[in-house]
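Enquirer:
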Amino acid sequence: MSDATELKTEGADEAPLVMGIDPYEKNWMRVSVLLLLVFLITVTVAGFAMGIQVNGVDTEVDPRTVTDSEPWATPGLREISPGQYEAWVIAQTWAFVPRELEVPVGSTVKIHVTSPDIQHGFKITDTNINMQIVPGQVSTMTYEFDEVGEFPYICHEYCGRGHAAMAGVVKVVSATATEQDSDT
Ligand code: CUA
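In the numbering used here, the protein residues as written are 3 to 186.
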């Protein structure tokens, strides 16, 4: 601080000190402010317009007893109405229960995941479903599967020895394929 004052005083004796910001630096400052605004808008839209919120007390469960009662006692897929499904998936050391979810193409699936033991991850390949699975919390996201194919889900938070083997798959099948299934 004192150094700067001295320099200023010395400079003032010889030539007037001109305060200014380099135009190049000014542009970077503009970009930084703009980026902050973009982030602020993104977070606001995600949180309030799209309803993407961090888990709160309303999604708390007891990890020691969560699998004793429904719907967690029988995890899996339930058809709520035509094309609308809810899936309950348990992430535990070191497997997902169930390992497979099969839905007809065009289905909207609300996926709930919880862990009875330690922290895991839940990411469905080629979708924006990417959740942290914390014991004592239920993580929920909804996705519309409008493409036929297999979408593997993996645990993407290191959870120990069997972490790499922790995976499952969402099978999105054509509507006719599911009708044939139910016929047989
Ligand atoms: Cu479960 Cu990594």
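We put the beta carbon where it would ideally sit given N, CA and C, even for glycine.
Going along the chain, which unbroken runs of the beta strand (DSSP E) with 3 or more residues stay wholly within the region 18-94?
Expert: For the region 18-94, whole beta strand (DSSP E) runs of length 3 or above, ordered along the chain, are 78-83, 86-94.
Enquirer: What residues in its chain sit with their C-beta under 7 angstroms from that of methionine 143, if we drop five residues either side in the sequence?
Expert: Ile113, Ile131, Met133, listed in sequence order.
Enquirer: Looking only at its own chain, which residues have a Cβ that is under 6 angstroms from the Cβ of histidine 122, when we skip the five neighbours before and after it?
Expert: Within the same chain, histidine 122 has close Cβ partners Ala93, Ile135, Cys157, Glu159, Cys161.
Enquirer: Using the beta-carbon count (16 or more within 10 Å), is tyrosine 26 buried or exposed?
Expert: Flag for tyrosine 26 reads exposed.
Enquirer: What residues in its chain sit with their C-beta under 8 angstroms from that of tyrosine 2, if we drop five residues either side in the sequence?
Expert: The question about residue 2 has no answer, for the chain in this structure spans 3 to 186.
Enquirer: Between leucine 79 and valine 56, what straight-line distance do the alpha-carbon atoms span, to the nearest angstrom?
Expert: If you take the alpha carbons of leucine 79 and valine 56, they lie about 24 angstroms apart.
Enquirer: Going by the DSSP bridge assignment, what does serine 220 pair with across the sheet?
Expert: Since the first residue of the chain shown is 3 and the last is 186, residue 220 is not available in this structure.
Enquirer: Please check the pair threonine 100 and glycine 170, which I expect to be a contact at CB under 8 angstroms, by giving their CB distance rounded to whole angstroms.
Expert: Contrary to the premise, residue 100 reads as proline rather than threonine in this sequence. Their Cβ separation, rounded to whole angstroms, is 7 angstroms, which keeps proline 100 and glycine 170 in contact under 8 angstroms.
Enquirer: Could you check the C-alpha separation between arginine 66 and valine 91 for me, to the nearest Å?
Expert: Those two C-alpha atoms are separated by around 16 angstroms.
Enquirer: Would serine 176 and valine 105 qualify as a contact pair, given that the criterion is a beta-carbon distance under 7 angstroms?
Expert: Against a cut-off of 7 angstroms, the Cβ pair of valine 105 and serine 176 comes out as no contact.
Enquirer: Who does glycine 170 pair with in a DSSP beta bridge?
Expert: Tyr155.
Enquirer: If you measure from each residue's Cβ to the nearest non-hydrogen atom of the ligand CUA, which ones come out under 5 angstroms, in chain order?
Expert: Residues flagged by the Cβ proximity filter: His122, Cys157, Cys161, His165, Met168.
Enquirer: Hey, could you find the ends of the beta strand (DSSP E) histidine 122 is sitting in?
Expert: 122-126 is the extent of the beta strand (DSSP E) around histidine 122.
Enquirer: Identify which residue in Gly138, Gly49, Ala51, Phe147 has its Cα closest to the Cα of glutamine 86.
Expert: The residue with the shortest Cα to Cα distance from glutamine 86 is Phe147.
Enquirer: Considering only C-alpha positions, which residue in the set Thr95, Thr116, Ser117 is nearest to methionine 168?
Expert: Out of Thr95, Thr116, Ser117, Thr95 has the C-alpha closest to the C-alpha of methionine 168.
Enquirer: Taking only beta-carbon positions, decide if lysine 112 is within less than 7 angstroms of chain D.
Expert: Among the chains of the structure shown, chain D does not appear; only one protein chain is present.
Enquirer: Just to confirm before moving on: does the CB-CB distance between serine 141 and valine 115 stay below 7 angstroms?
Expert: Contact flag set, yes.
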